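What follows is a set of notes on a single structure, which appears directly below.
Protein chains: 2
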Amino acid sequence: MQKLIDYINQYAKLDDAAILELELRAEIEKFKKNEFILEQGEYCNKIWFIKSGMVRKFHLHEGKEITAWIHVVNDIITSLYSYFHQTPAIEYLQACEETELIGISRENSKKLAQFPQFVTFTNVLMGEHFVKIDTNSREFGLMSAKEKYDYLKQISPEMIKRAKLGHIASLMGVTQETLSRIRKQT
Amino acid sequence: MQKLIDYINQYAKLDDAAILELELRAEIEKFKKNEFILEQGEYCNKIWFIKSGMVRKFHLHEGKEITAWIHVVNDIITSLYSYFHQTPAIEYLQACEETELIGISRENSKKLAQFPQFVTFTNVLMGEHFVKIDTNSREFGLMSAKEKYDYLKQISPEMIKRAKLGHIASLMGVTQETLSRIRKQT
DNA sequence: CTAATTTTTTGATCTACATCAAAAAAACTG
DNA sequence: CAGTTTTTTTGATGTAGATCAAAAAATTAG
């Protein structure tokens with residue numbers, strides 16, 4: 000739990016009462032390799048924080064798995080649309096390896112919102128997230144395969160080190176053959 | 000101003016007092032064709048609503064103009080990052096044709112925030128915007144040029160009808176020659 | 001530790017789209 | 001509305017990355 004507290008503290012300083020409440024509301028969940036945290040069609044009623052391990056978010060498009068992102072330790076994961084609109088999720092969340100999450104349900108999240116620090120945290124997080132997406136996301140699509148790879152290596156070296164080649168390729172929007180060839184050049 | 004009121008009403012019903020305050024705080028701004036609403040390096044201190052006309056958002060990348068989006072009537076425009084972080088904008092906002100905007104400055108926006116309807120409106124808008132970007136943006140990058148064109152025609156037919164070929168091509172991330180050829184096939 | 005399965009690499013060929021160049025069409029401007 | 005500039009179209013050729021096929025390497029399981 001300390002990891003999550005440290006993480007939130009970067010955005011909004013938590014006092015003892017807030018930490019106590021958090022410990023009451025958040026629960027540790029463990030997943031084995033390849034186990035699903037969320038499947039398409041389910042309602043996503045939680046937000047998770049990755050304590051250890053790695054989680055891949057993907058959806059199906061014409062039968063193929065399209066990796067949206069591969070999250071590592073200290074990332075927040077959820078199905079945003081499903082969580083906020085209370086609709087069935089269109090995507091899957093799958094543990095890439097032995098993974099420990101800290102989960103907070105919608106109801107518990109509401110209780111936490113009595114503490115202004117958590118509201119601040121949520122707002123900042125959302126703001127950051129969406130500004131980040133706004134600036135990076137289209138840019139990414141315009142890069143060459145090599146540029147995409149270098150960019151990913153820079154912003155998430157852990158992910159590049161540990162994730163499967165095929166998953167990274169899918170995230171980049173190229174075939175695994177292409178990624179394999181990119182890795183070979185130097 | 001009625002257009003903006005109608006637009007906000009979709010999200011949060013405005014009463015007479017709120018409308019009065021809005022009319023006090025928002026001001027009409029007119030731009031000629033090709034005139035800049037915002038330039039790179041400037042601080043963006045306003046959010047605008049497009050009353051009439053069309054606005055292109057772009058930035059420079061290796062000397063070339065990369066079109067991020069082309070906004071039409073009833074769209075909200077701003078430089079998100081600059082507005083919220085009070086940093087110099089990295090992008091340009093340019094009127095594609097004779098354009099009328101309704102602008103609200105940051106200070107006036109704060110005043111409006113005394114009315115809960117405006118807060119609701121802002122939150123919903125931000126939420127919508129960022130969920131939309133999250134779902135569509137990467138998807139878009141994976142489409143073929145033809146698919147991108149069909150998608151854009153579907154979500155913004157007005158823009159496809161009125162914007163310059165070169166601008167649309169840049170938004171799609173293809174050359175204008177390619178877009179011209181796509182348009183020719185039926 | 002060995003066999004089975006999964007993942008990654010390598011090679012050959014194909015294709016969507018880029019680039020370069022120039023003509024045709026459309027839109028301004030005096 | 002004639003001349004100039006800008007935008008769009010057309011054609012020829014080049015290239016990054018896809019696809020198909022199969023070997024090599026790594027992982028997993030009995």
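Protein sequences appear in the order of chains C and G.
For the first sequence, position 77 (counting from the first letter as 1) is numbered 76 according to numbering that gives the first Met the number 0, and the numbering increases by one without interruption.
For the second sequence, position 133 (counting from the first letter as 1) is numbered 132 according to numbering that gives the first Met the number 0, and the numbering increases by one without interruption.
Where is the CB? At the ideal position from N, CA and C, for every residue including glycine.
Only a predicted model underlies this, so the values are computations on that prediction, with no experimental measurement involved.
### Task
Note down, in chain order, every chain G residue with its Cβ under 8 Å from the Cβ of Ala67(C).
Arg137
### Message
Tell me the DSSP secondary structure of Tyr82(C) in three-state form.
### Response
helix
### Residue interval of the alpha helix (DSSP H) (run including Gln187(C))
Given that chain C is displayed from residue 0 to residue 185, the structure contains no residue 187(C) and the question cannot be resolved.
### Query
Buried or exposed: where does Ser81(G) fall if 16 or more other Cβ atoms within 10 Å of its Cβ makes it buried?
buried
### Task
Look at the alpha carbon of Ile146(C) and the alpha carbon of Leu178(C), and state the distance between them as a whole number of angstroms.
The amino acid at residue 146(C) is misidentified as Ile; the sequence shows Glu. Rounded to the nearest angstrom, the two C-alpha atoms are 11 Å apart.
### Query
Touching or not, the stretch 135 to 144 of chain G and the stretch 104 to 112 of chain G, by the rule of three or more beta carbon pairs under 8 Å?
no
### Task
Under 8 Å by Cβ, that's how I've got Leu3(C) and Ile154(C) pegged, so tell me the actual separation to the nearest angstrom.
With 8 Å as the limit, Leu3(C) and Ile154(C) do not qualify as a contact, their Cβ atoms being about 22 Å apart.
### Task
Quick one: which residues of the stretch 96 to 128 of chain C get their C-beta closer than 8 Å to a C-beta of chain G? List them in chain order.
Met125, Gly126 and His128
### Task
For Gly165(C), I'd like the list of residues in its chain whose CB is within less than 6 Å of its CB, leaving aside the five on either flank, ordered along the chain.
Gln175
### Task
Can you give me the Cβ contacts of Ile65(C) inside the same chain, cut-off strictly under 7 Å, excluding the 5 residues immediately before and after it?
Phe57, His58 and Ser169
### Query
Should Thr86(G) go down as buried or exposed, given a rule of 16 or more other Cβ atoms within 10 Å for buried?
exposed
### Query
Below 9 Å between beta carbons: does that hold for Ala94(G) and Gly52(G)?
yes
#### Entry: Pairwise C-alpha distance: His70(C) and Ile76(C)
8 Å
### Message
Residues in the same chain with beta-carbon distance under 8 Å from Tyr150(G), minus the five sequence neighbours each way, listed in chain order, please.
### Response
Phe139 and Met142
### Contact residues within the stretch 82 to 95 of chain C, judged by C-beta distance below 7 Å to chain G
Phe83
### Task
Could you spell out where the alpha helix (DSSP H) holding Lys2(G) opens and where it closes?
Gln1 to Asn8
### Message
Please list, in chain order, the chain G residues whose beta carbon lies closer than 9 Å to that of Leu141(C).
### Response
His60, Ile65, Gly140 and Gly172
#### Entry: Three-state secondary structure assigned by DSSP to Val54(G)
strand
### Message
Rounded to whole angstroms, what is the Cα-Cα separation between Glu96(C) and Phe30(C)?
### Response
8 Å
### Query
At which residues does the beta strand (DSSP E) containing Ser153(C) begin and terminate?
According to the sequence displayed, residue 153(C) carries Gln and not Ser. Per DSSP, Gln153(C) belongs to no beta strand (DSSP E); it is in the alpha helix (DSSP H), Ala144 to Ile154.
### Task
My understanding is that Gln116(G) touches Leu13(G), with C-beta atoms under 8 Å, so please give their C-beta distance in whole angstroms.
5 Å
### alpha helix (DSSP H) segment containing Gly165(G), residue limits
Leu164 to Met171
### Task
Rounded to whole angstroms, what's the CA-CA distance from Tyr91(C) to His84(C)? Just pull it up for me.
17 Å
### Query
When you compare each of Pro156(G), Gln113(G) and Gly172(G) to Ser136(C) by their alpha carbons, which one comes out closest?
Gly172(G)
### Message
Going by C-alpha to C-alpha distance, which of Lys152(C), Phe120(C), Val54(C) and Gln113(C) sits closest to Ala16(C)?
### Response
Gln113(C)
### Message
Using 8 Å for Cβ pairs, my map puts Glu28(G) next to Met0(G). What's the rounded Cβ distance?
### Response
Rounded, the Cβ-Cβ distance is 13 Å, inconsistent with contact.
### Query
Pro156(C) to Lys160(G), Cα distance in whole Å?
43 Å
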